[in-house]
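The block underneath contains the structure these notes are about, expressed in structure tokens.
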Amino acid sequence: MKRALLVVDIQNDFCEGGSLAVTGASEIIPVVNSLIQKFKASGDLVVATKDWHPKTHKSFASNSGGTVGELGELEGLPQVWWPDHCVQNTSGSDFHPKLQKDYIDVVVYKGTNPDVDSYSTFFDNAKREKTNLDDILKEKGIKSIYIVGLATDYCVKFSALDGIDIGYDVYVVEDGCRGVNLSPTDSRNAIKEMKLKGVKIIESIDIQ
Ligand SMILES: [Zn+2]
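Take the sequence shown: its position 177, counted from the start at 1, is 1572 in the numbering used here, and no numbers get skipped.
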């Protein structure tokens, strides 16, 4: 295996009708499914991530007394207060029903510690704890990761930036991602920031 497709947080709560719906989320599903099939056909690894919060998670406005969408502080870190979302073992945390789940090799869970949010698929936001993603990739000798999913300005961005820091070649497939855009330019700025860091921004059509 030479490369991995990283399918980030394509869960019901982040899609249309969910509690933290990203505009246009379901539009990426055909793009993501065709990449899943492509990676499977070439013998590469397909990893999907799940935001996986206990219902006591302190990033939820309901638990912290903050206002949804506003910036506060959680355990010394800046924290956007979110609506309750992706609570473990609820339909909101399930993968989108149209996502091609049969070809997913591994699911990586993040956001399980109630005291810290976790945008990156590699580390929590305080970088106190690592997920098992890096170990899984290293074990298989994978050097390149291709990221699709939700959302461009949060979990995709922070996973891509950490991927570069750890030493991977990181590609973000722009037509396979959508952003939250609390401010309208957030996704555009995220793309710029990723490019500056060395992430390659590509379209799904560029992938062989
Ligand atoms: Zn979350």
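Using N, Cα and C, we set each Cβ at its ideal position, and we do this for glycine too.
At a cut-off of 7 Å, the beta-carbon of His1480 counts as near ligand 1: some heavy atom of the ligand is closer than that.
Cβ-Cβ distances below 7 Å link Ser1582 to Thr1547, Asp1548, Gly1574 and Asn1576 in the same chain, with the five nearest sequence neighbours on each side left out; the list follows chain order.
Around the CB of Asn1407, 16 or more other CB atoms lie within 10 Å, so the residue is classed as buried. Of the residues Gly1571, Asn1584 and Lys1587, the one whose Cα lies closest to the Cα of Val1426 is Gly1571. With fewer than 16 other CB atoms across the displayed protein chains lying within 10 angstroms of its CB, Val1502 is exposed. With distances taken between CA atoms, Ser1513 lies nearest to Phe1553 out of Leu1400, Phe1553, Asp1497 and Ile1559.
Secondary structure note for Glu1569: its beta strand (DSSP E) is the uninterrupted segment Asp1564 to Arg1573. Across the structure, Val1543 and Ser1515 are spaced so that their CA atoms are roughly 13 Å apart.
For the pair Ser1459 and Trp1476, the CB atoms are nearer than the 8 Å cut-off. Boundaries of the alpha helix (DSSP H) around Ala1436: Ile1424 to Ala1436.
In the DSSP assignment, Val1501 forms a beta bridge with Val1442. Assignment of beta-bridge partners to Glu1468 by DSSP yields Pro1473.
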